Amino acid sequence: MNHDDRDVLPVNPTLRVRTPLSPSDDRPAAQGPAPADLADREAPPVPTPAREHLSAEEVEALVGPDTGAGDTDRPLQLAGNLNPDMED
Numbered sequence: 001m002n003h004d005d006r007d008v009l010p011v012n013p014t015l016r017v018r019t020p021l022s023p024s025d026d027r028p029a030a031q032g033p034a035p036a037d038l039a040d041r042e043a044p045p046v047p048t049p050a051r052e053h054l055s056a057e058e059v060e061a062l063v064g065p066d067t068g069a070g071d072t073d074r075p076l077q078l079a080g081n082l083n084p085d086m087e088d
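Numbering (the UniProt record's numbering), first residue to last: 1 to 88.
In structure tokens:
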């Protein structure tokens, strides 16, 4: 079968060339005006930061044991021309 033996694809008459946007359609994104009652609004409550830190056990419980880090670290070290078998 050569190229001339194939059936001709039908042409969709609704297709047209895409025209670029005119400069009047180009609107930059900008912040709008502030609400009229902004000065009268009460500020939303902001929680005070907690001064407590998580222990190593709590972090491990959240993220899981460190079983997959070696699987990821080794290819990254090899890609960075580092010897993964050498201790720091």
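No residue lacks a Cβ here, since even glycine has one placed at the ideal position from N, Cα and C. From a predicted model like this one, the values you see are computed outputs, not experimental measurements.
Report the rounded CA-to-CA distance for proline 44 versus valine 17, giving the unit in angstroms.
-> In the sequence shown, counting from the first residue as 1, residue 44 sits at position 44. In the sequence shown, counting from the first residue as 1, residue 17 sits at position 17. Spanning the two alpha carbons is a distance of roughly 51 Å.
CA-to-CA distance, aspartate 4 to threonine 19, given in whole angstroms = Residue 19 sits at position 19 when you count from the first residue of the sequence shown. Residue 4 sits at position 4 when you count from the first residue of the sequence shown. Going by the C-alpha atoms only, they are around 33 Å apart.
Locate the alpha helix (DSSP H) running through alanine 61, then write down its first and last residues.
-> The sequence position of residue 61 within the sequence shown is 61, counting from 1. Here the alpha helix (DSSP H) through alanine 61 covers 56 to 63.
What's the C-alpha gap between glycine 32 and leucine 38?
-> On the sequence shown, residue 32 is found 32 positions in, with the first residue counted as 1. On the sequence shown, residue 38 is found 38 positions in, with the first residue counted as 1. Our two residues, glycine 32 and leucine 38, have alpha carbons roughly 13 Å apart in a direct line.
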